[in-house]
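Those sequence lines, one after another, are chains A and B. 82 is the number of the first residue of the first sequence in the numbering used here; add one for each residue after it. 12 is the number of the first residue of the second sequence in the numbering used here; add one for each residue after it. Glycine included, every Cβ here is placed at the ideal spot set by N, Cα and C.
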Amino acid sequence: MTSIEQQSSSSAQENGLAIINSKAPFSSTHGKDALDIALIFGSFEQKVSLFFQGDGVYQLIADQDGSLLAIKDYLKTFSAFEFYDIEDIYVCQQSLSNRQLDENFHIDEVKVLSSIEFSAALNRHQHVLRF
Amino acid sequence: MKTLAVVVTTPPYSHLTITALTYVEAALVAGINVIGVFFYQDGVMHANEDISIASDEYQAIAHWQRLQQEYQLPLHICITAAEKRGIACDAIDNDKINNAFTVSGLGELVELTTKATRLVQF
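Structure below.
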């Protein structure tokens with residue numbers, strides 16, 4: 082059995098909400114709006130997974146400082162994910178390499194997935210929101 | 012029974028909202044149990060009483076109002092997103108908010124998501 086088949090065979094268990102982050106962190110409020118939803122789901126003890134794809138991968142890159150742009154640096158809050166039991170954080174490897182970004186993230190526990198693994202992981206969720 | 016919840020993030024003057032409305036109405040006409048619409052980001056602008064769209068253009072707000080009345084469809088706006096956009100939600104008998112809409116928080120989105128068989132975002 083391939084790893085993809087194994088993943089889809091466990092599809093019934095995972096469920097919950099997947100939030101896809103597809104926008105760069107500081108040009109719009111999409112990232113912060115998505116984060117607010119993730120934290121609310123976490124505080125209600127509902128299962129939520131985060132997916133970073135396209136320009137959304139920039140939200141995970143280390144050593145950024147929104148305050149230089151007078152923007153409240155919501156990325157710092159990512160370090161609180163474990164307190165909200167948000168453990169499933171996935172990033173698209175293809176999106177990283179297209180942007181020549183290293184896997185240098187500002188939080189731990191980020192799982193780098195190929196496009197196929199990424200879509201398989203997404204498919205395990207009952208609901209999807211995209212920002 | 013299968014249930015549907017809808018998230019709207021586009022404002023009343025966006026053409027994308029027309030797709031959302033057409034979808035929700037089609038679901039209601041088909042007898043699907045639509046348990047609520049949650050308005051987030053610019054979607055909260057639907058509840059703004061001061062918005063006036065030229066009469067020969069699509070009247071998204073009036074259509075939401077009609078669906079709410081005909082089908083008792085719950086329309087929730089996110090309070091944080093609304094206040095950020097100048098729709099003050101604090102006073103009782105608030106004349107800034109269209110009375111077809113209910114002021115809610117993200118907790119309502121959690122509620123809708125956990126109850127719904129399917130969640131669709133526009």
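Can you have a look at residue 83 of chain B and say buried or exposed, based on whether 16 or more other CB atoms are within 10 angstroms of its CB?
-> exposed
Okay, do the segment 181-201 of chain A and the segment 151-168 of chain A touch, 3+ Cβ pairs below 8 Å being the bar?
-> yes
Is it true that the segment 62-69 of chain B meets the segment 110-129 of chain B, where meeting means three or more beta-carbon pairs spaced less than 8 Å apart?
-> The segment 62-69 of chain B, when compared against the segment 110-129 of chain B, does not touch it at the 8 Å Cβ threshold.
Could you check where the beta strand (DSSP E) with residue 78 of chain B kicks off and where it finishes?
-> No beta strand (DSSP E) holds residue 78 of chain B; the alpha helix (DSSP H) holding it covers 71-82.
Cα-Cα separation between residue 71 of chain B and residue 102 of chain A, rounded to whole angstroms | Between residue 71 of chain B and residue 102 of chain A, the C-alpha separation is close to 28 Å.
Would you grab the beta carbon distance between residue 104 of chain A and residue 212 of chain A for me? Rounded to a whole angstrom, and I think it's under 8 Å.
-> 7 Å
Run through the segment 89-155 of chain A for me and flag every whole beta strand (DSSP E) of 3 or more residues, listed as ranges in chain order.
-> Within the segment 89-155 of chain A, the runs of beta strand (DSSP E) that reach at least 3 residues and sit entirely inside it are, in chain order, 98-102, 129-133.
CB of residue 74 of chain B within 8 Å of CB of residue 50 of chain B, strictly = no
Exposed or buried, residue 119 of chain B, counting other C-beta atoms within 10 Å across all chains shown (16 or more means buried)?
-> buried
Check whether residue 95 of chain B and residue 60 of chain B have beta carbons under 8 Å apart = no
Quick one: grab the DSSP three-state call for residue 50 of chain B.
-> strand
Excluding the five sequence neighbours on either side, which residues of its own chain have a C-beta within less than 7 Å of the C-beta of residue 36 of chain B, listed in chain order?
-> 78
Own chain residues within Cβ distance below 8 Å of residue 12 of chain B, not counting five before or after = 44
In the DSSP assignment, find the beta strand (DSSP E) that holds residue 14 of chain B and state where it starts and stops.
-> 14-19
Would you call residue 151 of chain A buried or exposed, if buried means 16 or more other Cβ atoms sit within 10 Å of its Cβ?
-> exposed
CB contact flag (residue 135 of chain A, residue 206 of chain A, <8 Å) | no
In whole angstroms, what separates the C-alpha of residue 58 of chain B from that of residue 126 of chain A?
-> 30 Å
Boundaries of the alpha helix (DSSP H) in which residue 95 of chain B is found, first to last residue = 90-95
Residue range of the alpha helix (DSSP H) that residue 175 of chain A falls in?
-> Element bounds for residue 175 of chain A: 174-179.
At a CB-CB cut-off below 8 Å, which residues of chain B make contact with residue 127 of chain A?
-> Residues of chain B passing the Cβ test: 121, 124, 125.
Could you please tell me which residues of the segment 197-210 of chain A, in chain order, have their CB closer than 9 Å to any CB of chain B?
-> For the segment 197-210 of chain A, the set of residues with a beta-carbon nearer than 9 Å to any beta-carbon of chain B comprises 207, 208, 209, 210, in chain order.
Name the chain B residues whose beta carbon is nearer than 7 Å to that of residue 154 of chain A?
-> The contacting residues do not exist; residue 154 of chain A stays about 18 Å from chain B at best.
Got a sec: is the Cβ-Cβ distance from residue 18 of chain B to anything in chain A below 8 Å?
-> yes
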